Amino acid sequence: MPALNLASDFGHAEPKVTATSERELFEVVYRSMRSLAGPHAADLDDLVQAAAEQVMRSLPAFDRRSELSTWVYTVSYRVLLRQRRWYRRWAARFSLGLELQHEPSSEAPLQSRQLEQREQAHRVRQLLGRLSEKYRAVVILHDIEERSVAEIARIVATNELTVRSRLRDGRKQLAKLVRAHGDPDWMEG
Amino acid sequence: MRGQPEMPGLSASVRRVLREDQPSPHELAAAYQRFERRPQRRAPALVVSRWLIAGLAMGLGIAFGAEAVEQRVHPPVTAVTPSARTPSGVANPARNRVPAPPPASAPIIEPPPAVVEEKRPLTPRFPAVKQSEPLPADSAVWAKAAQGLRNNDVAQTESALATLEQAGTLADREAARLIRAQLLLHQGDTSGARALLQDLASNAQSSLVRAKARRLLTQNSTPSNSPLNVAPSGT
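Order-wise, the sequence lines are chains A and B.
Per my numbering, residue 8 is the first one in the first sequence, and the count goes up by one each step.
Per my numbering, residue 10 is the first one in the second sequence, and the count goes up by one each step.
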């Protein structure tokens with residue numbers, strides 16, 4: 008997560024979103040949601056739009072008890088859970104003929120090493136995508152985004168013990184998936 | 010937390026690859042453009058006021074529509090008296106109120122003129138001010154009055170006229186009183202008839218009723234020209 012450059016906007020008691028900071032804030036939302044849902048999620052755009060709208064609307068109520076990026080993750084996580092829950096209910100009755108994960112589009116020709124890395128990242132994310140939202144969020148936030156357990160507990164609105172428990176179980180499930188469908192070198196030990 | 014996990018996580022190389030997998034500026038710009046084009050939420054006050062305006066418009070439409078339907082069903086110009094001159098085949102909204110002509114043996118009562126309400130403005134009024142006015146009398150009551158006249162049944166006629174005088178519209182009431190005056194003349198109650206006709210001649214809302222009442226008063230002053238001796242047209 009890149010450092011935020013919104014200090015000037017959030018130095019006031021009631022932060023206001025200027026045109027510039029809105030763009031920056033949107034990018035924070037986009038990165039957080041992309042990380043949580045995965046870059047190839049079919050509903051990523053919807054999730055980002057919903058989360059960004061929620062963030063812009065709730066910004067005056069941001070109490071700065073946590074970092075802005077943590078707060079954005081909190082909002083994004085809530086939006087993700089809500090949207091996915093709704094989608095599961097909806098999909099029980101109807102079908103769009105789409106999966107939530109889709110193949111990445113190649114924007115530009117890539118070098119072979121880049122291509123390899125992207126392919127690897129894609130495959131790992133596919134396996135991460137098989138975890139439930141709650142486990143995946145904790146594993147991603149801890150192992151990839153390098154968030155502390157306390158921060159994660161704030162983001163997913165639970166206590167630290169639950170976060171540790173979800174991290175352990177999530178890693179366990181991921182290791183099982185990697186053994187079955189991936190490269191054993193992807194996991195530690 | 011870091012360095013204490015019981016379960017091994019993703020390897021350092023995979024983590025690095027995943028961290029480097031960041032959205033391109035193009036991807037971010039495209040997403041932000043979509044966000045900028047999002048439909049703006051309207052302020053709640055604006056939404057409420059729009060609903061109020063829509064409700065008001067619907068209410069006005071319903072009121073005007075109801076008044077138009079009511080005017081079509083019960084037009085303001087109504088013939089309310091028995092008349093042999095009204096052809097039965099002619100489409101006349103007030104035809105139901107016109108009883109059949111009395112037989113030759115029945116007392117000859119000259120039908121009063123059609124009661125015409127005062128000229129109304131062309132534009133519909135709002136709110137519908139006719140709410141306070143009673144509904145037009147049932148045509149069955151007029152039929153009952155006509156039948157009483159045909160059968161020389163004074164009680165039935167008076168009963169029907171009393172109903173019309175109390176429950177009908179202003180036009181119904183004035184027409185009923187005019188018939189009652191003629192009935193009184195037929196019964197020989199000249200003073201009662203004159204009082205009623207004088208009242209109608211000066212106070213009736215309908216100009217035609219006023220004119221008819223004046224004519225009856227004039228005719229009643231000369232016994233040979235009594236309206237009771239005039240045969241109805243068509244007989």
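Backbone N, C-alpha and C define an ideal beta-carbon position, used for all residues, glycine too.
Note that this is a predicted model, so its numbers are computed, not measured.
If I'm right that residue i touches residue j with Cβ under 8 Å, what's the distance once you round it to whole angstroms?
| i | j | result |
| --- | --- | --- |
| Ala58(A) | Val35(A) | Rounded, the Cβ-Cβ distance is 10 Å, inconsistent with contact. |
| Ala98(A) | Met16(B) | Rounded, the Cβ-Cβ distance is 31 Å, inconsistent with contact. |
| Leu206(B) | Ala190(B) | 5 Å |
| Arg178(A) | Val156(A) | The Cβ separation is near 14 Å, so there is no contact. |
| Leu138(A) | Gln180(A) | 6 Å |
| Leu187(B) | Ala149(B) | With 8 Å as the limit, Leu187(B) and Ala149(B) do not qualify as a contact, their Cβ atoms being about 20 Å apart. |
| Leu134(A) | His47(A) | Not confirmed; about 12 Å, so no contact. |
| Leu251(B) | Val131(A) | Past the edges of chain B, shown from 10 to 244, lies residue 251(B), and the structure says nothing about it. |
| Ala202(B) | Leu194(B) | 4 Å |
| Leu55(B) | Trp193(A) | Contact flag wrong, Cβ pair sits at about 54 Å. |
| Pro32(B) | Tyr37(A) | 6 Å |
| Ser42(A) | Ile159(A) | Not confirmed; about 13 Å, so no contact. |
| Ala8(B) | Val170(A) | The requested residue 8(B) does not occur in the structure, where chain B is confined to residues 10 to 244. |
| Arg125(A) | Asp30(B) | 7 Å |
For a contact meaning CB atoms closer than 8 Å, what does residue i contact in chain B?
| i | result |
| --- | --- |
| Asp52(A) | Ala40 and Arg43 |
| Glu74(A) | Those do not exist, as Glu74(A) stays about 17 Å from chain B at its closest Cβ, beyond 8 Å. |
| Pro46(A) | Asp30 and Pro32 |
| Asp162(A) | What sits at residue 162(A) in the sequence shown is Ile, not Asp. Within 8 Å Cβ-Cβ: nothing; Ile162(A) doesn't reach chain B, min ~14 Å. |
| Ala59(A) | Phe44 |
In the structure shown, what three-state DSSP assignment does residue i receive?
| i | result |
| --- | --- |
| Leu138(A) | coil |
| Met16(B) | coil |
| Ala202(B) | helix |
| Ala38(B) | helix |
| Ala164(A) | coil |
| Ala49(A) | coil |
| Phe17(A) | Only weak support exists for where Phe17(A) lies, its pLDDT of 46 falling under 50; the value from the coordinates is given anyway. In this structure, Phe17(A) counts as coil in the three-state DSSP scheme. |
| Thr227(B) | helix |
| Lys179(A) | helix |
Taking Cβ-Cβ distances shorter than 8 Å, what residues in chain A pair up with residue i?
| i | result |
| --- | --- |
| Val26(B) | Gln124, Gln127, Ala128 and Val131 |
| Pro17(B) | Arg178, Ala182, Met194, Glu195 and Gly196 |
Looking only at its chain, what residues have a beta carbon closer than 8 Å to the beta carbon of residue i, apart from the 5 residues adjacent to it on each side?
| i | result |
| --- | --- |
| Ser39(A) | Met8, Ala58, Ser76, Val79, Tyr80 and Ser83 |
| Leu199(B) | Note on residue identity: the sequence assigns Thr, not Leu, to residue 199(B). If we look at Thr199(B) and ignore the five residues flanking it on each side, its Cβ neighbours are Leu193 and Asn229. |
| Glu29(A) | Met63 |
If the cut is a Cβ gap below 9 Å, which residues of chain B does residue i touch?
| i | result |
| --- | --- |
| Val55(A) | Ala40, Arg43 and Phe44 |
| Glu34(A) | Pro32, Leu37, Ala40 and Tyr41 |
Along chain B, which residues have their Cβ under 7 Å away from the Cβ of residue i?
| i | result |
| --- | --- |
| Arg173(A) | In chain order: nothing, as chain B lies at least about 11 Å away. |
| Tyr37(A) | Pro32, Leu37 and Ala40 |
| Glu31(A) | Simply none; closest approach about 10 Å. |
| Arg41(A) | Pro32 |
| Asp150(A) | Gly18, Leu19 and Arg24 |
Once the 5 residues before and after residue i are set aside, which same chain residues still bring their CB inside 6 Å of it?
| i | result |
| --- | --- |
| Glu79(B) | none |
| Leu51(A) | Ala44 |
| Thr132(B) | For Thr132(B), the predicted structure reports a pLDDT of 47, less than 50, and the residue's modelled location is therefore unreliable. A value from the coordinates is still provided. Counting only Cβ-Cβ distances below 6 Å, and skipping sequence neighbours, we find nothing. |
| Leu174(A) | Val145 and His149 |
| Arg154(A) | Leu148 |
| Thr166(B) | Ala154, Gly157 and Leu158 |
| Gln214(B) | Leu179 |
| Phe33(A) | Ala59 |
| Asp162(B) | none |
Which residues in the same chain as residue i place their Cβ atom closer than 7 Å to its Cβ, once the five residues preceding and following it in sequence are excluded?
| i | result |
| --- | --- |
| Leu88(A) | Glu140 |
| Ser73(A) | Arg161 |
| Glu167(A) | Val156, Ala157 and Ala160 |
| Ala246(B) | In the structure as shown, chain B begins at 10 and stops at 244. Residue 246(B) is therefore absent and cannot be evaluated. |
Residue i touches chain A at which residues, Cβ-Cβ below 9 Å?
| i | result |
| --- | --- |
| Ser58(B) | Going along chain A, no residue has its Cβ under 9 Å from Ser58(B), so there is no contact; the nearest lies around 21 Å. |
| Arg47(B) | Gln56, Ala59 and Glu60 |
request  = Determine, using beta-carbon pairs with one atom in the segment 54-63 of chain B and one in the segment 43-60 of chain A, whether at least three such pairs fall under 8 Å.
outcome  = Counting Cβ pairs under 8 Å, fewer than three are found: no touch.
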